[in-house]
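Trainee: As they're listed, the protein sequences go chains S and W.
Read in order, the letters of the first sequence correspond to residues 98 to 260 in our numbering.
Read in order, the letters of the second sequence correspond to residues 98 to 260 in our numbering.
There are 2 protein chains.
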Amino acid sequence: MTRLDTVIKRLMAQRSCLNAAAETLGNMAGPVLELGLGNGRTYDHLRFLFPDREIFVFDREVASHPDCRPDPEHLFLGAMQETLVTAAEQLGPAAVLAHADIGFGGAEATERNVVALGPKIPPLLKSGGLVICDQSLDRFEGLSPLPLPPDVEPGRYHVYRRD
Amino acid sequence: MTRLDTVIKRLMAQRSCLNAAAETLGNMAGPVLELGLGNGRTYDHLRFLFPDREIFVFDREVASHPDCRPDPEHLFLGAMQETLVTAAEQLGPAAVLAHADIGFGGAEATERNVVALGPKIPPLLKSGGLVICDQSLDRFEGLSPLPLPPDVEPGRYHVYRRD
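1. What residues from the region 102 to 132 of chain S come within 7 Å of chain W, judged by C-beta to C-beta, listed N to C?
2. Mark F173 of chain S as exposed unless 16 or more other C-beta atoms lie within 10 angstroms of its C-beta, in which case mark it buried.
3. So D102 of chain S is in the alpha helix (DSSP H); what residue range does that whole segment cover?
4. With contact counted as at least three CB pairs below 8 Å, one residue from each stretch, are the region 159 to 168 of chain S and the region 185 to 192 of chain S in contact?
5. Using beta carbons (cut-off 8 Å, strictly below), is F201 of chain S in contact with chain W?
6. Buried or exposed, going by whether 16 or more other CB atoms sit within 10 Å of the CB of F201 of chain W?
7. Can you tell me which of the three DSSP states A204 of chain S falls into?
8. Between the beta-carbon of L115 of chain W and the beta-carbon of L146 of chain W, is there less than 8 Å?
9. P242 of chain S: buried (16+ other C-beta within 10 angstroms of its C-beta) or exposed?
10. Is it a yes or a no for the region 243 to 251 of chain S touching the region 204 to 223 of chain S, going by three-plus beta-carbon pairs under 8 Å?
11. With the cut-off set at 8 Å, would you say L101 of chain W and T139 of chain S are in Cβ contact?
12. Could you tell me whether the Cβ atoms of T207 of chain W and Q178 of chain W are closer together than 8 Å?
13. Can you confirm whether T99 of chain S, when its beta carbon is compared against all beta carbons of chain W, has any partner nearer than 8 Å?
14. Quick check on the DSSP output: the beta strand (DSSP E) that includes A192 of chain W runs from which residue to which?
15. Does the distance from the CB of I105 of chain W to the CB of I105 of chain S come in under 8 Å?
16. Pick from W:E250, W:R258, W:T103, W:G252: whose alpha carbon is nearest that of D141 of chain S?
17. Measure from the C-beta of C165 of chain S to each C-beta in chain W and report whether the shortest distance is under 8 Å.
18. Would you decide whether P128 of chain W is buried or exposed? Buried here means 16 or more other CB atoms lie within 10 Å of its CB.
19. Using 8 Å as the limit for Cβ to Cβ distance, is T76 of chain S near chain W?
20. Does the distance from the C-beta atom of V256 of chain W to that of L221 of chain W stay below 8 Å?
21. Given a threshold of 16 other Cβ atoms within 10 Å of its Cβ, counted over all protein chains shown, does D156 of chain S qualify as buried or as exposed?
22. Nearest-angstrom Cα distance between G175 of chain S and E158 of chain S?
23. Quick one: which chain S residues come within Cβ less than 8 Å of G137 of chain W?
24. Which whole runs of the beta strand (DSSP E) in the region 223 to 253 of chain W are 3 residues long or more, in chain order?
25. Give a yes or no on whether the minimum CB-CB distance between D248 of chain W and chain S is below 8 Å.
26. Go ahead and pull the three-state DSSP assignment for R144 of chain S.
27. Excluding the 5 residues flanking V249 of chain S on each side, which residues of the same chain have their C-beta closer than 7 Å to its C-beta?
28. Would you list, in chain order, the members of the region 136 to 162 of chain W that have their beta-carbon closer than 7 Å to a beta-carbon of chain S?
29. Does DSSP classify R157 of chain S as helix, strand or coil?
30. Pop quiz: S161 of chain S and G123 of chain S are said to be a contact at Cβ under 8 Å. What is the actual Cβ separation, rounded to whole angstroms?
31. Have a look at A117 of chain S and R236 of chain S and give me their C-alpha separation to the nearest angstrom.
32. Nearest by alpha-carbon distance to R144 of chain W: which of W:M125, W:A126, W:A119 is it?
33. Identify every residue that forms a DSSP beta bridge with I218 of chain S.
34. From which residue to which residue does the alpha helix (DSSP H) around L181 of chain S run?
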């Protein structure tokens, strides 16, 4: 398995989980959260899946494709361990979905990020809302693992329901 | 088709073309060229496909994962429109494969890059060598288009044989 194989599997798993979440959520009301805008590819997919919902985006800076930029009212700019807290104060536990692609290249940096951000995600979600994450959030309270779509290998992506 | 869909299709097309090239080239002797190291995913795949060949990498800087870094003897660092010329002088028309992922986000920047780099690729290849590119190189002399692998949509990736 090369790194090219791995990224293809990861992106396909991400897409499958997002598509399944759109089905699962149906008409449940609430905004969507994108933790990490990056180049904006996943944001673009979220816009497609959730055309009628507000999508709030969190990132340190806006480095996405010009076509994939949220308006300033839907952008929490800065360190996510701070902006997630700010967002919880402003929005309350309102979101129906948070997608969090929070892994780095290195295992240690990823672990630090998961520890820093994991506990700050559940307070943003309403009961029954979903979290889709590239990293395991099993250790954090308030989130129950859900089965993955059948085409996603266990461990490749993670889906949780807010208790 | 979202940008997430597009990148998945592009990466799968890239992988299919590279895998097919490894089959086509068989034991034909010569090094492999990777134009654009990026995060090193494709380089990692090339190492897997061509374990016994030299792989020379061209990029402005090394920003790849630490596991995916060529040694300095196989790295042409700097602006590619210059390093491709330097490499042609040093290596001659020796390569059996050049993989070139030379598109940018914007169409104009991509066009400038294709115009700048396209003519500098054929002099690096031996007759019968292959060029695999995310952009069309149809306009450049010395390259004949080859059929794509059956799972690759026309236009998604491009394969040429050096005349």
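Think of the CB as a built atom: it goes at the ideal place given N, C-alpha and C, for glycine as much as any other residue.
No experiment lies behind these values; they were computed from the predicted model shown.
Mentor: According to the data block:
1. V104, I105, L108, M109, R112
2. buried
3. 100 to 122
4. no
5. Cβ-Cβ to chain W under 8 Å: no for F201 of chain S.
6. exposed
7. helix
8. yes
9. exposed
10. Contact between the region 243 to 251 of chain S and the region 204 to 223 of chain S is not established, with fewer than three Cβ pairs separated by less than 8 Å.
11. yes
12. no
13. yes
14. 192 to 197 is the span of the beta strand (DSSP E), which, as asked, contains A192 of chain W.
15. yes
16. A check of alpha carbon separations from D141 of chain S across W:E250, W:R258, W:T103, W:G252 identifies W:T103 as the nearest.
17. yes
18. buried
19. In the structure as shown, chain S begins at 98 and stops at 260. Residue 76 of chain S is therefore absent and cannot be evaluated.
20. In this structure, V256 of chain W lies away from L221 of chain W, with their beta-carbon atoms at least 8 Å apart.
21. buried
22. The alpha-carbon atoms of G175 of chain S and E158 of chain S are separated by roughly 7 Å.
23. Within 8 Å of the CB of G137 of chain W, the CB atoms of chain S belong to R100, in sequence order along the chain.
24. 240 to 242
25. no
26. helix
27. A110, S113, C114
28. G137, R138, T139, D141, H142, F145, H162
29. coil
30. Going by Cβ atoms, the distance from S161 of chain S to G123 of chain S rounds to 28 Å, so no, they are not a contact pair.
31. 23 Å
32. W:A119
33. DSSP output for I218 of chain S lists no bridge partner at all.
34. 177 to 188
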